[in-house]
Every structure is written in structure tokens, then in C-alpha cells.
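First the structure, in the form of C-alpha cells, and then the observations on it.
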Amino acid sequence: MSKPDMKINIAGIELKNPVMTASGTFGSGKEYGEYIDLNKLGAIVVKGVSDTPWKGNDSPRIAETYGGMLNSIGLQNPGVETFIKEDLPFLEQYDTKVIVNIVGRTIEEYCEVAERLGDTNIDMVELNISCPNVKEGGVAFGTDPFMVEEVTKAVKKVAKQPLIVKLSPNVTDIVSIAKAAVNGGADALSLINTLLGMVIDIDRREPVLANIVGGLSGPAIKPVAVRMVYEVAKAVDVPIIGMGGIMDGEDAVEFILAGATGVAVGMANFINPTATIDVLSGIEDYMIKYGFNSIEEIRKGLVISDF
Amino acid sequence: MSKPDMKINIAGIELKNPVMTASGTFGSGKEYGEYIDLNKLGAIVVKGVSDTPWKGNDSPRIAETYGGMLNSIGLQNPGVETFIKEDLPFLEQYDTKVIVNIVGRTIEEYCEVAERLGDTNIDMVELNISCPNVKEGGVAFGTDPFMVEEVTKAVKKVAKQPLIVKLSPNVTDIVSIAKAAVNGGADALSLINTLLGMVIDIDRREPVLANIVGGLSGPAIKPVAVRMVYEVAKAVDVPIIGMGGIMDGEDAVEFILAGATGVAVGMANFINPTATIDVLSGIEDYMIKYGFNSIEEIRKGLVISDF
Amino acid sequence: MKKLYYPTIIEQKQIAQGIFSMKLQCDEIAGTALPGQFINLYCKEHELLLPRPISICETDKQKGTVMLVYAVVGRGTESFSRLQKGDMIKVLGPLGNGFKIEKGVNIHMLVGGGIGVPPLVELSKHLKGEVYAFLGFAHNPILVGKLKNYGAKILVATEDGNVGFKGNVIELLDKKDIKGDMIYSCGPKPMLKAVSEWAKGRGIRAQVSMEERMACGIGVCMGCTRKIKKKGEKDWQNRKVCTDGPVFWSEEVIWDE
Amino acid sequence: MKKLYYPTIIEQKQIAQGIFSMKLQCDEIAGTALPGQFINLYCKEHELLLPRPISICETDKQKGTVMLVYAVVGRGTESFSRLQKGDMIKVLGPLGNGFKIEKGVNIHMLVGGGIGVPPLVELSKHLKGEVYAFLGFAHNPILVGKLKNYGAKILVATEDGNVGFKGNVIELLDKKDIKGDMIYSCGPKPMLKAVSEWAKGRGIRAQVSMEERMACGIGVCMGCTRKIKKKGEKDWQNRKVCTDGPVFWSEEVIWDE
Ligand SMILES: Cc1cc2nc3c(=O)[nH]c(=O)nc-3n(C[C@H](O)[C@H](O)[C@H](O)COP(=O)(O)OP(=O)(O)OC[C@H]3O[C@@H](n4cnc5c(N)ncnc54)[C@H](O)[C@@H]3O)c2cc1C
Ligand SMILES: Cc1cc2nc3c(=O)[nH]c(=O)nc-3n(C[C@H](O)[C@H](O)[C@H](O)COP(=O)(O)OP(=O)(O)OC[C@H]3O[C@@H](n4cnc5c(N)ncnc54)[C@H](O)[C@@H]3O)c2cc1C
Ligand SMILES: Cc1cc2nc3c(=O)[nH]c(=O)nc-3n(C[C@H](O)[C@H](O)[C@H](O)COP(=O)(O)O)c2cc1C
Ligand SMILES: Cc1cc2nc3c(=O)[nH]c(=O)nc-3n(C[C@H](O)[C@H](O)[C@H](O)COP(=O)(O)O)c2cc1C
Ligand code: FES
Ligand code: FES
Numbered sequence: 069m070s071k072p073d074m075k076i077n078i079a080g081i082e083l084k085n086p087v088m089t090a091s092g093t094f095g096s097g098k099e100y101g102e103y104i105d106l107n108k109l110g111a112i113v114v115k116g117v118s119d120t121p122w123k124g125n126d127s128p129r130i131a132e133t134y135g136g137m138l139n140s141i142g143l144q145n146p147g148v149e150t151f152i153k154e155d156l157p158f159l160e161q162y163d164t165k166v167i168v169n170i171v172g173r174t175i176e177e178y179c180e181v182a183e184r185l186g187d188t189n190i191d192m193v194e195l196n197i198s199c200p201n202v203k204e205g206g207v208a209f210g211t212d213p214f215m216v217e218e219v220t221k222a223v224k225k226v227a228k229q230p231l232i233v234k235l236s237p238n239v240t241d242i243v244s245i246a247k248a249a250v251n252g253g254a255d256a257l258s259l260i261n262t263l264l265g266m267v268i269d270i271d272r273r274e275p276v277l278a279n280i281v282g283g284l285s286g287p288a289i290k291p292v293a294v295r296m297v298y299e300v301a302k303a304v305d306v307p308i309i310g311m312g313g314i315m316d317g318e319d320a321v322e323f324i325l326a327g328a329t330g331v332a333v334g335m336a337n338f339i340n341p342t343a344t345i346d347v348l349s350g351i352e353d354y355m356i357k358y359g360f361n362s363i364e365e366i367r368k369g370l371v372i373s374d375f
Numbered sequence: 069m070s071k072p073d074m075k076i077n078i079a080g081i082e083l084k085n086p087v088m089t090a091s092g093t094f095g096s097g098k099e100y101g102e103y104i105d106l107n108k109l110g111a112i113v114v115k116g117v118s119d120t121p122w123k124g125n126d127s128p129r130i131a132e133t134y135g136g137m138l139n140s141i142g143l144q145n146p147g148v149e150t151f152i153k154e155d156l157p158f159l160e161q162y163d164t165k166v167i168v169n170i171v172g173r174t175i176e177e178y179c180e181v182a183e184r185l186g187d188t189n190i191d192m193v194e195l196n197i198s199c200p201n202v203k204e205g206g207v208a209f210g211t212d213p214f215m216v217e218e219v220t221k222a223v224k225k226v227a228k229q230p231l232i233v234k235l236s237p238n239v240t241d242i243v244s245i246a247k248a249a250v251n252g253g254a255d256a257l258s259l260i261n262t263l264l265g266m267v268i269d270i271d272r273r274e275p276v277l278a279n280i281v282g283g284l285s286g287p288a289i290k291p292v293a294v295r296m297v298y299e300v301a302k303a304v305d306v307p308i309i310g311m312g313g314i315m316d317g318e319d320a321v322e323f324i325l326a327g328a329t330g331v332a333v334g335m336a337n338f339i340n341p342t343a344t345i346d347v348l349s350g351i352e353d354y355m356i357k358y359g360f361n362s363i364e365e366i367r368k369g370l371v372i373s374d375f
Numbered sequence: 096m097k098k099l100y101y102p103t104i105i106e107q108k109q110i111a112q113g114i115f116s117m118k119l120q121c122d123e124i125a126g127t128a129l130p131g132q133f134i135n136l137y138c139k140e141h142e143l144l145l146p147r148p149i150s151i152c153e154t155d156k157q158k159g160t161v162m163l164v165y166a167v168v169g170r171g172t173e174s175f176s177r178l179q180k181g182d183m184i185k186v187l188g189p190l191g192n193g194f195k196i197e198k199g200v201n202i203h204m205l206v207g208g209g210i211g212v213p214p215l216v217e218l219s220k221h222l223k224g225e226v227y228a229f230l231g232f233a234h235n236p237i238l239v240g241k242l243k244n245y246g247a248k249i250l251v252a253t254e255d256g257n258v259g260f261k262g263n264v265i266e267l268l269d270k271k272d273i274k275g276d277m278i279y280s281c282g283p284k285p286m287l288k289a290v291s292e293w294a295k296g297r298g299i300r301a302q303v304s305m306e307e308r309m310a311c312g313i314g315v316c317m318g319c320t321r322k323i324k325k326k327g328e329k330d331w332q333n334r335k336v337c338t339d340g341p342v343f344w345s346e347e348v349i350w351d352e
Numbered sequence: 096m097k098k099l100y101y102p103t104i105i106e107q108k109q110i111a112q113g114i115f116s117m118k119l120q121c122d123e124i125a126g127t128a129l130p131g132q133f134i135n136l137y138c139k140e141h142e143l144l145l146p147r148p149i150s151i152c153e154t155d156k157q158k159g160t161v162m163l164v165y166a167v168v169g170r171g172t173e174s175f176s177r178l179q180k181g182d183m184i185k186v187l188g189p190l191g192n193g194f195k196i197e198k199g200v201n202i203h204m205l206v207g208g209g210i211g212v213p214p215l216v217e218l219s220k221h222l223k224g225e226v227y228a229f230l231g232f233a234h235n236p237i238l239v240g241k242l243k244n245y246g247a248k249i250l251v252a253t254e255d256g257n258v259g260f261k262g263n264v265i266e267l268l269d270k271k272d273i274k275g276d277m278i279y280s281c282g283p284k285p286m287l288k289a290v291s292e293w294a295k296g297r298g299i300r301a302q303v304s305m306e307e308r309m310a311c312g313i314g315v316c317m318g319c320t321r322k323i324k325k326k327g328e329k330d331w332q333n334r335k336v337c338t339d340g341p342v343f344w345s346e347e348v349i350w351d352e
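Protein chains in written order, with the numbering used here: chain W, 69 to 375; chain P, 69 to 375; chain U, 96 to 352; chain E, 96 to 352.
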């Protein structure tokens, strides 16, 4: 049997398949290059990059939860210049798309990073307005439709590459946020970022995380993520990159059926360094089993019975 | 060693211990009476009751998720009159407090149920403005601070018993919702209700639930619940009943440390019919181990280091 | 008494492609279970929290054993199939109401489809009079020998004609055209619906054992409902498969979903 | 090479109250691991997803075995302790940077506290010259015999005076006042901090093996950072325990948290 066609198209850019990495869970790809062939990925989404270096939050930054984890990294990163100098040349060796997740404390900071990246040949920019782990910026931009539209507009104006806006799930109405991003000019949406959570060590009687609260990811949040992708896909016309608890190909298919064009693998990388490749072959298996010829076919394949 | 004092006080009503049942997961107590001594519970919170009988949603109404479950019951119940005639006499036999969860499609309907219950000797009313499974009322009241305050005020006016308001976690800012409920006259708050989620059967390519989306509960959501209890406890002065994924005494202690006065056990009942009693003895063990003399002491026992 | 038990698995074997039989040592359930009741099985995997309802296929009160027959269709049943003799399993039961066994019924018609056959086995042991077992399968029949041993007259249909009549169980019913006094049926929903119509057309009373996704299994969560309209009621109600059923009178079930 | 492996457990035993040693058959890790490196152990329970980092206590390159010594402190380590000889376990490793073994160092001082002692065992086998092992425990010493066999001079302190010197390991260091050329230390953070100050006061260079909660273990998640200020740097940076460490030069660690 011939291999199914797994190509997808996001904002005019063709990806060889829908499998990407979730920002912040794959570094800049180097480390996982020891375990998998990076050429096989649809895209590598690198960790959040800011204009100047950010130190991130204090440790502990990680807590385990039932079927998931909390993180409160706080977007530690060496800044966009270091990224361009040290990580980008590595990524450019590979035949995969490079998407850079950008962060900022103010609209100006977001714009600076996007502008600076405009001089490089990365493929897309992912605007992170949904990180729950920083006090300024981050999620503050992501929970109010007006702010979402403003920051999207501003970044879209300066960005040379297509713009993905990454949405926070910690909102009452994800659809209004998604629409605001699209109104602001988003070429695609990615969701979900982490849910805000907290774990208390009952023996020490203190929060496990130094930052007290952190972002919940992993299989525990998958039903929330699938629901949000489904709701947003019905409401907007731009492509969606779905994520949240994807551990295998079947999970990924669930997101595509919910309306996602691409999928991203996050926490699963920590449990299985070849998770991305396993997800990829799992999707392929599903396509072969049910005779799907394209990702688009799966995406349109959900049947809603009229009960 | 003498048994620790587990009494708590909510709106002037003394409960012998903090362990309650989460509405909708314990029926009206009869069924679990075959497994446990209902006299041992701090309170029994019965399932949502409306003015007239509600048929609920179509089946399937249950889907399993990683470390949790979705339900889309849609508040099926035989109505307040039947509840008073058939369930209440059973509950009155027991030496435990009875809290009735009330639901409605309009403010008037909520008020009718609360008024009708005013003639009975139930102990408290829990206003459910957070059920994600009904189209009208339910969560619509629970996600907008203005509406929360309105409905709380209206019900408070007619209710003869102390009023607990049950909050939805599907909101951007739980604290503003909590404050609105308190402004409206809530004597206590309970949280969290379920997170909105969805599961797709990838082989049949359709949502598992007939209602498409449903409410997520179980250990998977515990970090979100603990975080919300923590945030709300810092912001309001009324007692909080914490719930969401409590499976054992340690989970319950986590909620009390986060700021809850009482705790409620939901999905755990389905996995272990004696879950409530196990939670109770787990809390007691913790108190003995660490020398706590009251629930209040635990509740004030969280240490936030200054990193 | 219906309770949580932790019985030992004393036998586990594959009886057909993807179908397993598991025998539990559980005197309490064996001693009290009625034909048509089910038990809730819990998975060892803590990410799979909900119990799986499985019908009691057969009990041996003397030996205190309970036999289950289940198909591997997902993670839970897959996990059960990996358990071995000597392992313990957490179960809750016996649950639900069994088949009604009425006096004055002489010709019994069991109608089972695929993995719906198991509960008919225990039932067949309790019926007095003539017992016909109409059994439909896709390809591989199961439990036929057992039903035969217990005295049922066996009529098998397979969709591909592998064994017995080629076709489905309704076609087989049509062909044989036996007029029993009571039908007891368990199988996929479309089959139950067809059996229900077939029975109605011939004026035979029928009991159907229904399935629905469950959480508690004991009647508290309202998760497992089906639309049921009891005799004399003006409108249907969502009734619980776990405690109002799983066996219902076929004419009370609203099939139009 | 650092990779995922599924080695078989060839020995599991309790060596003290709540402390277990586990031996794995894993030629690849045994063949390449350096003293001070660790491996990530995965739990069989799927609700516990994150791996647990455990130091390599000892390897046997000939036999291809890896020894771990761990304390049961939570669900993950509790789950490891239930595994038996013959069971498989998923591991990733070897991870992190080991202790630096420099030429010209003649007097080595190992300073271990409790469950920090294990990585010092393999290290001791690689050191040439005099090796002193200062070992502090609450009550029950572990691995003392092994370190002795490998030629270390043993100095034990227990907090309750159960064995050896009564007091903590710093007091023991003070008392013995040996002036080594290099300290290698592993144990709880307050101990490492005290060792660091002790070493500084005496002008002895010290390496400390740090712990932090981890997710990936391979340097991508930025979850495991500690404040480190390298020589010549103006300000500290959050550096990764998993790949920049776990062993750091004591004078580079910002202790004031
Ligand atoms: C009263 C009753 C008796 C049954 N008796 C038998 C029997 O004797 N033999 C047998 O093989 N099967 C029987 N079933 C069906 C059996 O319960 C399901 O096949 C099983 O739960 C599937 O679990 P899974 O994890 O393998 O599949 P998954 O599809 O992964 O299950 C996921 C979830 O869906 C639920 N679920 C899936 N299918 C069903 C279903 N048909 N009914 C109820 N819940 C379901 C599971 O409990 C679980 O929560 C019975 C069902 C009911 C309601
Ligand atoms: C580099 C390194 C080497 C280690 N070597 C050893 C060793 O040789 N022997 C030994 O007994 N212990 C060692 N530890 C500590 C060991 O990793 C923890 O005790 C263990 O992870 C606790 O898991 P748990 O599930 O039993 O406890 P829980 O407290 O239930 O763990 C919950 C979560 O916290 C994490 N966690 C808890 N404590 C620690 C900790 N101290 N460090 C990192 N993560 C933690 C766990 O990984 C898990 O994600 C080492 C830690 C590190 C970082
Ligand atoms: C350790 C960690 C770091 C993360 N860092 C970022 C980040 O820098 N930018 C971002 O947009 N999302 C970040 N995320 C969120 C993930 O990209 C993803 O949205 C989320 O984890 C849900 O996917 P998962 O359940 O597969 O992990 C991070 C997540 C984790 C676990
Ligand atoms: C089957 C089911 C039915 C429920 N019905 C109600 C209800 O009638 N009223 C209500 O306020 N909450 C209802 N809930 C929500 C629970 O009371 C509780 O808030 C939630 O399940 C979280 O707790 P848990 O994780 O312990 O289950 C229901 C939950 C479940 C699982
Ligand atoms: S499964 Fe809960 S009521 Fe039937
Ligand atoms: S554990 Fe992920 S960077 Fe160290």
C-alpha cells in the first residue's frame, strides 16, 4: 500500500506532516536530535524567546500531578539574539519548518522580537499570549479579547512571517478570544497552553512550586483541549494547531477530528524521547486502517449525529 | 491518643466533620447507605433538584478520560416535590446535615425551589450555577459576575436556610465570580464544578457523548481545583467547600491547606463506594500524625515561603 | 450481597478471536447472583478509573465460582485479558436486575448476538420447559456447547455462513418461526430492536438486556439511562440501565434513537 | 549512549529501613556511565508520568550491571520498591555530568549525607591516592562496607550516635580536620551548603552534586534549575541540574535561598 499523504498547509506554508513540537518542551531541537531524526517532523516549535534574556522563576519549577504535570518555568530564555546566533544555525540544517514562539512583557517587546526574527529565515512566528507563569504580559494579554486583538494586530504589522497566535485555556469563552486573534490578523491559532493549577506538599505544608501556581499539561487536560479545539474550529476559518496531552497517534487523530490541521506534542517528549515520531506513525497507521488519503479528510471526518 | 476534633462550622451550622458528598455523585444517599454508615458523614449533598421534573440529556452520558471522566447527565431529576416526598424522609433518619443542590433555567425557577425547600428542615441550600450540561441557566449564570450576584441575591432573599453558591471553573477569573457570589449574599462557596471537556471516539469518528461536550471530574482536575480554592480563599471571608478529584484523605488535606473548610467527594464514590469514609479516616490520620487539633488549624497551616 | 470484592482469578482463557473467559473465586457473588445480573470490574491501571460492567455468564454455587465472558474492545478489556490465573481483581456486584422468570412459561426462546450470549447461559439453567437458543455471530460462535449441555436446542446463524445458517439471527427466527411464550434477548442494540419488533409482530413477550456506558453501576450517577415508557405511563422517562435494568420489557423501550 | 532502555531487574533488596538497592542488567549504561551520573526511572503506574532521577551507585562493566540505591519517599520510589527480580523497568540514561576527576589531586574527601552517599561509591573506585569518606546518617549507615572495600578510610557520623561519631557530618569534618585537595559531596541541600562553607574556610576545592525536581532530565524543559554563577560572570544564571550538573563547583552555587 502506498503511504498516505500527510502534508498540511498552514498560512501558505507546506508542512510535510502535521506533527510539531509544543513550545518549551523540545528546547531548540538539539537534545532530541540524539533520539530522533528531526527531518521527519512537520515543524519544530522552539521555546519562548524574548527580546532580552529572561531568568525565569525560582525552583522548584516542576510538580507531578495525576496524569500530568505543573511547570512554572517562567519563560527562561537567553533572548532573541542568542537564539539567532546559537540555536537557529542548528535548526537550519534540517529539512523541517521552524516556528519561533515569542514572548514579551509589553506589546513593544513582542514587536521587537517579531521584527528581529523578520531578518531570519524561520518559517513562522507563534505569539505566546498565554503563558500562566509570568506576572506581566503573558497570560494577561491572552484572557481579554480586546488585548488579544491589539497585541495580534501590532505583531502582525511588523512580522514578516505568518503569525500563529497561541491561546490560553484559562478563559470563560475561548471562541471570543479566538475570534479576536483572527480579527487581529492571526494566520493560524494554536491551543491549548497550560491550565493554571497548584499542588501542595501536605507533609511540608507548602506549595510544591516556588511560584505557588503553575501550568498543567499532559493527558489529564486532553478533554479540555479537544473541546476547545472543537469549539474554535467551528467558529473561525484559520487553521488550528491542536495540543494538550497528546501521547500517541490516536490522541493526535482525536484533535484532527475535532478540527485541528496540525498537532503538537508537549509533555509526552519527557516520557518518551521518540514521542513525536511515534505520534506521526500512529496517525499514518490510522489513515491506512481507515483509508484516509489526507489529513484534511480526517479533519472533515467527524460525524455529529442528531440525537 | 484522643481522637482529633473534626468539627467544622459553615454559616452557623455545625458539621461533625468536613467530609461531604459532591452533588450528583451520591444520589440521595440511599444507595451508598448499603456500603457505609451515613451517620458518619459531615453532610450529604444531594443531586441537583429543579422545580419540575427534568429528563436530562440523551445517552451516552458518560465518557472515560485519563484520570477522570466526563458526564453530561443534564441534571435529570424528579423535581423538588418528589424529592421532598420520597428522598427527604430517608435522609431525615440520619444524624448528618442535608444540603440540597438546586438548579433552574431562570432566576424564578431557582427561587421557587429554594422557597419550597424553606418549608422543610434541610440544613442548607447549594445554588448550582455551574452545571455545564444544560443549555439554559446552569453555567450561563455562573460565568458572569453580574449574573452571579443577581441570582444569588434573588435566591438569598427567599431561602430560609444558609446559602452555598457552587462555582464553575470554566471562567477567566474565579475570584471575581466568588466575590460576586459573596456580594450577592452567599454564606459559603463550593468549588469546583466540572471543567468542560470532550472525548471523540476515533473509530466511530463521533463524540462519545450524545451531548458532544460534558463535565470533566476526577483526579485529573485536582490541580485546577486546588488552585481555585487557594485563590478564592485568599479573596473572600466565607467558608469554602473544596472538591475536584478528591480520592483519599491526603487529597482532602491538600484542599484544606489551600483554604477549604469542608471537602466533598465526587467521582471517587464510583470507584470506591466507601470513599467518603476512607477520606474521613485519612484526614484523621493526618491530624494525629502531625498533631493538629482542629480542621481550622490545618486550614491556617499552609506556609508560603518567600523565595 | 452487592459489595466490593477482591476475588482471585482461577482461570483465564481465550475462547475465540478476541474473546476471553475468566473465572473468579467469589463465593458471595456466586451464591447470590441471579441470571442476567452483571458485575463491575476495575482495571489495575489507575488512569482508567471507571469500572467495566460485564455480565455474569455462569455461576457455580457449590464451588463458589463466577464465569465471565468478555470481548477485548478497548483499554479496559485489553487490560483484563492480560491478567493471569492467581491474580486478584477488584469487582463490585452482583448488580442490576436479572431476567424475569415467570411461571406458566413453557417454551423459552433465548436470542443472543455475539458478546450478548454470555448472560443467556446462566439463564438457561434456570428455565423449565423447552428452551430454544437462537444465537447469531459474525463468524465464530461461542458458548454453544455450554448452552447445549444445559439442554437448549441450538440454532446458530453466522453472517458469513461459517457455521449454521448464513445470515443474522432475525432471519433465522423468521425461518424457524417457532412460537415461544417468552423471549430473552441480549446483544447489540439494532438486534434488540429487531427482536423487539419480531416479538411484537407475533405477540410474544420479550425481555431485552440493554447496555449503556456506566459510571457508578449502582444507580446514583444517572449516567446509564435509556428512554423507557412503562405500561400506563403517558411519557417516557430516562431510566437507569444499571438498577432499573439491564433487563427491560421490550415493549417499554423507546427504540427510535 | 544516553538512550531509553528496558533492562531487567536482577536484584532488589532492602538494605536499611526504607532504603533499597536495585541492580539492573544494562550493558550499555554500565559500559559508558561516569561516576556522579544518574538515570531516569519510569514508573509502571500511568498516572505517575514523570521519570524519577536516581544516581548511579555503582556499575560493573564486565557484568554489564548497574546498581542503584534509593529511599522510598513517595509514590514513585514506593512503586520501584514493589518491583521484583525479573521485572523490566524503563530507564533513560546515563544522564548528567559526573564528578570531575583532576590530575594532581592526592587526598580526596568524599562527604556524603544519607541517600547522597550512593554516587560516592562508584566515584571512590576511580580515585587514585588517599580517599577519606565522611558519611553522615540519621541513624542507620548504608554502603559503608562497600566504600571500605574500595579502599576509602571511613568516618561515620550518626545524629543519634547509633554508629560512629554522634553529630552531623560537618561536626565530624571539624573534628577530624583533614586537609584534602578536593571534596566531592552529595546529600541534602543544607549539608551541601555547610560543606561548601567548610571547604571555602579551608581553601579546599569542592564539588557538590545537587538535586532539583526534574521533568525531562535531558536539558530541554528548564525545570531543574539552580542559581549558578560561574567564575568571571557578573550575575548568576539559572542553570540546569540535569545537563549542566548535577555536579557543580561549590563556589559557583548561589546558596542564599
Ligand atoms: C450491563 C452490561 C453488561 C455487559 N456485559 C458484557 C459481557 O458480558 N461481555 C462483554 O464483553 N461486554 C459486556 N458489556 C460491555 C462492556 O462493558 C464494554 O465492552 C467494556 O466496558 C469496554 O471497556 P474497554 O475499556 O475495553 O473499552 P473502551 O471503549 O476503551 O471503554 C471506555 C469506556 O467506555 C465504557 N464502555 C465502552 N463500551 C461500553 C459498553 N458497551 N457498555 C458500557 N460501557 C462501555 C467503558 O466502561 C469505559 O468507561 C456489558 C455492558 C453492560 C452495560
Ligand atoms: C540528580 C538526582 C539524583 C538523585 N539520586 C538519588 C538516589 O540515588 N537515591 C535516591 O533515593 N534519591 C535520589 N534522588 C532523589 C529522587 O529523585 C527522589 O527522591 C524521587 O524522585 C522521589 O520520587 P517519589 O515519587 O518517590 O516522591 P514524590 O515526592 O511523590 O515525587 C513526586 C515528584 O517529585 C519529584 N521529586 C521529588 N523529590 C525529588 C528530588 N529530591 N529530586 C528530584 N525530583 C524529585 C519526583 O520526580 C516526582 O516527579 C536524586 C535526585 C536527583 C535530581
Ligand atoms: C515545561 C514546559 C514549558 C513550556 N514552555 C512554553 C513556552 O515557552 N511557550 C509556550 O507557548 N508554551 C509553553 N508550554 C506549553 C506547551 O507548549 C503546551 O501548550 C502544553 O504543555 C500542552 O501540551 P502537552 O499537554 O502536550 O504538554 C510549556 C509546557 C511545558 C510542560
Ligand atoms: C455524574 C455527575 C453528576 C453531577 N451532578 C451534579 C449536580 O447535579 N449538581 C452539581 O452541582 N454538581 C454536579 N456534579 C459535579 C460534582 O458535584 C463535583 O463538583 C465535580 O464532579 C468535581 O468533583 P470530583 O472530581 O470529586 O467528581 C456532578 C458530577 C458528576 C461526575
Ligand atoms: S451507572 Fe450510575 S446510575 Fe447507572
Ligand atoms: S529536567 Fe528538564 S531541563 Fe533539567
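C-beta atoms are modelled at their ideal positions from N, C-alpha and C, and glycine is treated no differently.
Whether residue i touches residue j by CB criterion (8 Å)
| i | j | result |
| --- | --- | --- |
| W/Asp191 | W/Lys228 | no |
| P/Ala246 | P/Glu217 | no |
| U/Gly171 | U/Cys138 | yes |
Delimiting residues of the beta strand (DSSP E) encompassing residue i
| i | result |
| --- | --- |
| E/Ile124 | From DSSP, E/Ile124 is part of no beta strand (DSSP E) but of the alpha helix (DSSP H) over 122-127. |
CB-CB length for residue i against residue j, believed under 8 Å
| i | j | result |
| --- | --- | --- |
| E/Pro130 | E/Pro236 | 20 Å between Cβ atoms; not a contact. |
| W/Ile351 | W/Met74 | 7 Å |
Where the alpha helix (DSSP H) containing residue i begins and where it ends
| i | result |
| --- | --- |
| W/Ser284 | According to the sequence displayed, residue 284 of chain W carries Leu and not Ser. Premise fails: W/Leu284 lies in the beta strand (DSSP E), 281-285, not in any alpha helix (DSSP H). |
| W/Arg367 | 363-367 |
| U/Leu221 | For the record, residue 221 of chain U in the displayed sequence is His; it is not Leu. Looking at the DSSP string, the run of the alpha helix (DSSP H) that includes U/His221 is 213-221. |
| W/Thr220 | 213-226 |
For residue j and residue i, the rounded distance between their alpha carbons
| i | j | result |
| --- | --- | --- |
| W/Asn251 | W/Ala328 | 19 Å |
| W/Lys221 | E/Val348 | 43 Å |
| E/Leu242 | E/Met204 | 12 Å |
| E/Glu254 | E/Glu266 | 10 Å |
| E/Gly340 | E/Val186 | 19 Å |
Inset, instruction - State whether the stretch 315-332 of chain U contacts the stretch 102-110 of chain E, with contact taken as three or more CB pairs (one from each stretch) at a distance under 8 Å. - result: no
Inset, instruction - Decide yes or no for the touch test of the stretch 352-362 of chain P against the stretch 148-167 of chain U: beta carbon pairs closer than 8 Å, at least 3 of them. - result: no
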